[in-house]
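Visitor:
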Amino acid sequence: MSLVLNFWLRVTALFSGFGEQFRAMNKWQRYSAYGLGVVALYLLPYWPDVPVLGQIVNTPGSQFETVLNDQVVIFVLIALGLNVVVGIAGLLDLGYVGFYAVGAYVTAILTSAHGNLPWLLALPIAVVISMLFGLILGTPTLRLRGDYLAIVTLGFGEIIRLTAKNMDWLGASRGISNIKKPPSMFGLKFGVLDAKPYFYLGLTMVFIVIFILHRLEYSRVGRAWVAIREDEDAAELMGVNTFKFKLWAFTIGAGIGGLAGVHYAGKVGFINPDNFPLQLSILFLAAVVLGGSGNMYGAILGGILVAYMPERLRNFSDKRILVFGIVLVLMMVFRPEGILPKRVGNEHKKRRARSQEGEVAS
Amino acid sequence: MSEVLLDFNNVTMQFGGVTALNEVSLQIKQGEILGLIGPNGAGKTTCFNVMTGVYAPTLGTVSFEGKNLAKLKRFEITKVGIARTFQNIRLFSEMTALENVMVGADARKKASVGGAILRTSRQRHEEKESRERSMELLQFMGISDRAETAARNLPYGYQRRLEIARALATEPKLLCLDEPAAGFNPAEKEELNELILKIREQGYTVLLIEHDMNVVMKVSDRVAVLDFGQKIADGLPADVRNNPAVIAAYLGVEDNAS
Amino acid sequence: MLLEVNDLHVFYGRIEAIKGISFTVGEGEIVTLIGANGAGKTTTMRTISGVRTVAQGSIKFEGQDITKMAPHDRVKLGICQAPEGRGIFPGMTVRENLDMGTYVRGGNAAEKAADLEHVFHLFPRLQERITQLGGTLSGGEQQMLAIGRALMSRPRLLLLDEPSMGLAPMLIAQIFEIIKQINSEGISVLLVEQNATQALRTARRGYVLETGHVVKEGSGQLLLDDPAVRAAYLGG
Amino acid sequence: MKKSVLRVGASMLVLSLVGVACGGSDDSSADACEGNSKIAFFGALTGEAGNLGINIKKGLDLAVAQHNEANPDAQIDVEAYDSQGDPDQAPALADKAIADACVKGIVGPAFSGESAAVNAKFEEAGLPLITPSATNPDLSKNGWDVFHRALAGDDKQGPGAASRIVADGKMKVGVIDDNSEYGKGLADIVQTSLGDKAVELNSLDPEAADYSAVITAAKDAGVDAVFFGGYYAAAGKLAKQMADAGVTAQFYSGDGTLDVGFIEAAGPAAEGAILTCTCAPKDSNPEFLKAFQDANKGEDPATYAAEAYDAASVFLAAMKDGKTSRGDILKFINSYDAAGVTKQLNWDEAGEVTGSAVYAYEIKDGAIKGIGLIK
Amino acid sequence: MPDWLIIRTFWELTVTGLALGSIYALVALGYTLVYGVLRLINFAHSEIFMVGTFGALLASSQFLSIPLLEDGNYPYRTGMTLIIFLVFIMLIAMLFSGIGAVVLERVAYRPLRGNGDAFGAIVLAFLTAFIVSLVFVDQAKINVIIALLATAPISYAYMRFFKQGRKAPRLAFLISAIGASTAISEAVGVWSKHGRDQYQTPRLLEKKTLFTMFGTDVRIDYAIVIVGALLMMTALTLFVNKTRLGRGVRAVAQDAETSRILGVNVDLIIIVTFALGGVMAGGAAMLFTLVYDQTRFNIGFILGVKSFTAAVLGGIGNLKGALLGGLLLGLVENYGSAIFGGQWKDVIAFVVLLVVLMFRPTGLLGESLGKARV
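Here is the structure:
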């Protein structure tokens, strides 16, 4: 087992090594590395056709690009959104699936059940309404302390699902079908068979969200969030309007959850309340914490793993959920901060430098 | 110079039957360093918390520049111009030193979510301002060499100073320091004394809660003594030092014991 | 020697709170540790009680090394503490709080009753409050309760962390009288105090702590007369 | 050192480009199947609804095994796509099935929910499907050419159940559902068909342990019969709790309840319950019964196994007829008209099997007994 | 008309609501105890309940060899036999749940407290080896053999890791709990005899009407559940208030640090707390099977969520709150179902919770295990 631990240390060292090399590069080199990475990501659907690599990444029982879109992209979007709420602002939300559902349902209602809007128009409306739901839920509940907030949000997620299930206007348990698909653009046809255009669209959404969150995180807003997470009272005494910023975190998180819902609804064309069970909220949270709560890239990695691994491990058939549960426990025992824990400042660089100095000295 | 900045008028504070402060009146004048001393548990920290809006007084009023603080929310008190440090250090431990100070500096900034996403010119300007001001403060406190270190990894002395820097960043009129010398050795205390005086020179009014007589007596313009929730003395350091009531309460009951 | 602390180092997270202190408490002695807030007094006390782990150095009790012993075993050996801030269980009655003192020792009902009698003899106020919840007591009563509770464990060494904190002068005097009385019954006392004058008067020997180091030691009177100590802790 | 990041990025890019090139060649050979043709099972084999899928797959396996035995040089494989009945997992599996040129037909999708999520894909790909179990009436209203049902939908079953209830002389029928797509749909149809004889008693939460609220309502309404739209586990609990609460109303339910699990869960309370199904009783075709028992260690075919066998037989017939492309097979199915083990198999435009046989079953002596067609 | 249903059937709804509420309350106690002592939502407590129902199932069908049906009817027992059987089944269920809770604590929580011991290391090592072996073969027996062989070296490595004593952040506990919850329920779903199917438990007690009150028949099983739950709760309260260990539990809940100073073995108290919660859940599980005669691998999930809601409703960390919250939730659900229809049951439950928390942010009775007194 020490072998495994050792291996693990190596892998993480490799990544941190990457980080340092990255910082050491000049601007031009850095941007080209980014560019190459982005292009490679957009080419992901073709990876299974590559020899060797394809063997490793391909999902045995299901279509790889569909998994990429329907599972991975959706989970990554959601992990990004939930990470704002849980990871950065430190608000425990166990009902995140509610916002995902709102996004999907608004799209469904506007483009199919009670309207005939194009998907592209439904998108902003759905995101805004999801944010409104965040606001509506957050205003009364954000005064509650951590664990109380958790159960209230959990209840909220259930209320959303059950309301959808019980109201004929929302399609009740039949759900809503014939949801409009995204319009064909840039030569991409959003049909039923080919998942690739959806993946490109979803990946673009992910990049946009990363861009926005990156800007938020390294601004007054992001600092306020982290300050609230670290010590809410101290933050307030340092002049942070904690309620306002908590509400913002909730609202932005809700918006991203809603966006994921819009994308999902547009892709599948059919939703019903059973697509939004309570267990999904828990899975979302697991993704964020597994990857590294508070670290955007950790959350992304968590989202990828939680979405992709069950498909990759289809051979385990009915044991994959069991394996998932055990892995969660093991991860939390041995790496409680997640796979990519949040990093603060440049201390790790300093530490390394210092240890090198030490070596020279001795 | 002698304008009253903070007026503590007949404040009583009770917690479930226990009286922590009993009709305390206290004034802090513009530009002075007021030392507040008293035995542990005498009510200094409660006094402090009432002042910074953590608790609302049971009776009496606290006003700052004539404005009643009771109605204000906690974060608004910072905006009015009161900043504080904490007895048991409460930094944002997962943020760098610089970010900690920037949170303080942000108190005076306006840009919010929209500005941050769009990177408006105002936001960029404010961001730059915050960063520069925070860096200056770190330099002022002599801890800028560890600006990029996570607060939790800073040495103790740095953490204490970082708290002061963070408080200063909110551009307070009144800076409240809660036992800033706790855990310092004499040399460090000496440095702290100088620092406090330097802060005052910059135009801040300082309220200093401290246990160490060396620190309090050396830097304070005026010293108030709390004991058992009551103010028992208020005056120049030399006078307070020789006040029999203070000696009895604070320095031990030496006279009736001997 | 009853208690021997040798080159003790203790960390709080990454911060070294105790940087190698040594001191002893003899059989039947009252020894005091004085120093400013943050000097490491409370950490020392908690380390002796075993709730902080020792990074380096050793603690011996009656010659037995207890550096790594679990807290409850130390209580069994006869080390009990009235912690800083009194540590009263707010939701328990005075009686139940006192019973917590016998938690480790157990003992039969008669023994407990005798101990209880003894505590009530020292602190008659507690008897009046016996069914009241700990959280509703005044500061002085809580301090009495904390000391009484520690006594219920029949300690050989009583650790008192800031017993005078937040008490009115009258009460402080009373508490120190009781400390002397307890000591006269053969219980050694290690006393941590900010009220240095009072503490040094009560104690046979004292140690001055500063940022995790012992900077001075000597008999109570010697330290009381030391000008540097007077300047730093006694207000000149 | 510095450049290694670039190098890794570049090599990944190159690899991907290779992939694009290879992938391109794949598309042109969509119809090229190397190896045996396959009939795919699509539905749950694991997860909470796994049992139903296993029944179906056994019927499919039997048909294919018989075919392979009879035609040694034209072997057919069975490919299973285990969706766990989950509409979220279904699309990636459906795409995989579509991408596999050897898959010529789908027996499934087993559930209505996943059907709604993926049938459009099969339609687009022209991959014919025959579902042996998804009975939601709405499914046939989408204009899907590839869609076929090997049994009648709930719009046939509901009125059938209602007429049986009426024929039994019941005057006041409490209608309960499990708030699922299937259960509520069926219960609504039954309720409409019953007209003023029906008393709506709302839904229950099938996952909950306690149904006393709805039972209290039934008791209060004084019903002489109860129709439950939902699955067997909940039906069993409901029947038992009703009996315990002293409700003596006759228990009716639909095909979701047609499982020994119902009898196990309800115990003696199941006795006399009447269930309807558009599926045929296991003994309706002795030949099939015997073949199934032989192939499955004496086990009786459970619900939908016979329908799956029929569905598979149609595909096999097409292949035997020399049809190899999906399009040809689809045409073959659309014009198919022959007797299956359960019924005459031919489909209308919408994909509904003609002839709307609804069978009634009764629980007697702890076993399910077919009691004939409902007129 | 449905508006009047609640009035016509009020007492009947009250009886059934109280019965279900009693079970909620017993399970809620587990959440409350652990929260009181560790400030941790023991998300896996629902599975402890589930394990208890399987304990009850095994006790009756395996240990007592009672068939599901005898000659086509329930295997009713009467008199002393019945009482002995029921007590036996309850004890076994409590044993299952109690052991389950303690194992859970040591494997999934204790290492996160920076306090992992050999037991946790061995179990975790076994699980690690087991899932790794699954990659290569998928045959339970072979997997177990491989896992057992690899356990020793892996647990050695794990022990070394535990020695570092790293404490995990709060969220990690929650995720570990979720993982454990998933794993326990799936393990039963995968490896029990009928897998994920519903299981029936033999019905020993004939569900006759015991007495009639307000025109409503009160069935004997409901009466047993309500009385049994109240008895267990009284026993627990007595234990917590009157015994030495119970005092330890209260002391740790109020002030863990001082408790340690006074010589309370906090790790032991935590084990006791989990065991108590487990025993209560086991009792609840037996009472549950007594009324509903069935269980399933996922039966804990919804019941757990409800019970946790009940605990919060009453004031988490407060024993009396758990009772109040449980009963209240059971009643509210029943009344609400009668008014709005069963499909709105959970919505009603959560709306009530929301409203209560709006006005009383720490639940009806407030938190604190220490203050819970009879």
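Chains as they are written, first to last, in my numbering: chain A, 1 to 362; chain B, 1 to 258; chain C, 1 to 236; chain D, 1 to 375; chain E, 1 to 374. Virtual Cβ for every residue (Gly too), placed ideally from N, Cα, C.
1) How would you write the range of the beta strand (DSSP E) that Ile374(D) sits in, first residue to last?
2) Roughly how many angstroms lie between the CA atoms of Ala49(D) and Pro277(A), to the nearest whole one?
3) Please tell me whether Lys181(A) and Trp119(A) are closer than 8 Å, where the distance is taken between their beta carbons.
4) Which residues in chain B have a C-beta closer than 7 Å to the C-beta of Met238(A)? List them in chain order.
5) Using a cut-off of 7 Å between C-beta atoms, extract the partners of Val264(E) located in chain C.
6) Determine the burial state of His410(D): buried for a count of at least 16 other Cβ atoms within 10 Å of its Cβ, exposed for fewer.
7) Touching or not, the segment 116 to 135 of chain E and the segment 150 to 163 of chain E, by the rule of three or more beta carbon pairs under 8 Å?
8) Against chain A, with Cβ distances strictly below 8 Å, would Phe308(E) count as a contact?
9) Any C-beta of chain C sitting closer than 8 Å to the C-beta of Arg250(E)?
10) Along chain D, in chain order, which residues have C-beta atoms closer than 7 Å to that of Val268(A)?
11) What do you reckon, are the CB atoms on Met13(B) and Val50(B) nearer than 8 Å?
12) Output yes or no for whether 8 Å exceeds the beta carbon distance between Gly160(D) and Val353(D).
13) So, does the CB of Leu18(E) fall closer than 8 Å to a CB anywhere in chain A?
14) Counting only Cβ-Cβ distances shorter than 7 Å, please list the residues of the segment 73 to 100 of chain E near chain D, keeping chain order.
15) Any Cβ of chain C within less than 8 Å of the Cβ of Glu257(E)?
16) Just to confirm my understanding: we take Val262(A), look at its own chain, exclude 5 residues before and 5 after, and list those with CB closer than 6 Å. What are they?
17) If you run the structure through DSSP and keep just helix, strand and coil, what is Glu349(D)?
18) Below 8 Å, how does it come out for the segment 125 to 133 of chain C and the segment 173 to 181 of chain C: are there three or more Cβ pairs, yes or no?
19) For Cys47(B), report the span of its alpha helix (DSSP H) as first-last.
20) Pick from Gly185(D), Ala338(D), Asp100(D), Gly59(D): whose alpha carbon is nearest that of Ser429(D)?
21) Quick one: does Gly300(E) have its CB under 8 Å from some CB of chain D?
22) Please report how far the alpha carbon of Asn6(C) lies from the alpha carbon of Ile59(C), in whole angstroms.
23) Our contact map puts Glu27(C) next to Ser188(C) with C-beta atoms below 8 Å; I'd like the distance itself, whole angstroms only.
24) At which residues does the beta strand (DSSP E) containing Phe140(B) begin and terminate?
25) Go to Lys19(C), then tell me how far its beta strand (DSSP E) extends in each direction, as first and last residue.
26) Could you tell me how far apart the beta carbons of Ile82(B) and Thr52(B) are, in whole angstroms, since I believe they sit closer than 8 Å?
27) I need the boundaries of the alpha helix (DSSP H) containing Arg149(D), first residue and last residue.
28) Would you check if the distance between the CB atom of Ile179(C) and the CB atom of Thr202(C) is smaller than 8 Å?
29) Between which two residues does the beta strand (DSSP E) holding Ser63(B) run?
30) Alpha carbon to alpha carbon, how far is Ala94(D) from Glu114(D)?
31) Can you list, in chain order, the residues of the segment 174 to 196 of chain A whose Cβ is nearer than 9 Å to any Cβ on chain D?
32) For chain E, is any of its Cβ atoms less than 8 Å away from the one on Cys277(D)?
33) Going by DSSP, name the residue or residues bridged to Cys176(B).
34) Got a sec, what are the start and stop residues for the alpha helix (DSSP H) Val252(E) sits in?
35) So with CB distances below 7 Å, who are the chain A contacts of Gln198(E)?
36) By how many angstroms is the C-alpha of Ile48(C) removed from the C-alpha of Ala248(B)?
Guide: In short, the structure shows the following:
1) 367 to 374
2) 16 Å
3) yes
4) Thr78, Val103, Gly104, Ala107, Arg166, Thr170
5) His72, Tyr103
6) Past the boundaries of the shown model lies residue 410(D); chain D is included only from 1 to 375, so the question cannot be answered.
7) yes
8) yes
9) yes
10) Pro91, Ala117
11) yes
12) no
13) no
14) Asn73, Tyr74
15) yes
16) Gly103, Thr107, Leu123, Ala126
17) coil
18) no
19) 44 to 51
20) Not covered by the structure: residue 429(D). The range shown for chain D is 1 to 375.
21) no
22) 6 Å
23) 6 Å
24) Here Phe140(B) belongs to no beta strand (DSSP E); instead the alpha helix (DSSP H) covers 121 to 140.
25) 15 to 25
26) 6 Å
27) No alpha helix (DSSP H) contains Arg149(D), which is instead part of the beta strand (DSSP E) from 147 to 149.
28) yes
29) 59 to 64
30) 10 Å
31) Arg174, Gly175, Ser177, Asn178, Gly191, Val192, Leu193, Asp194, Ala195
32) no
33) Arg84(B), Leu207(B)
34) 244 to 254
35) Per Cβ cutoff of 7 Å: no residues; Gln198(E) is ~17 Å from chain A at best.
36) 32 Å
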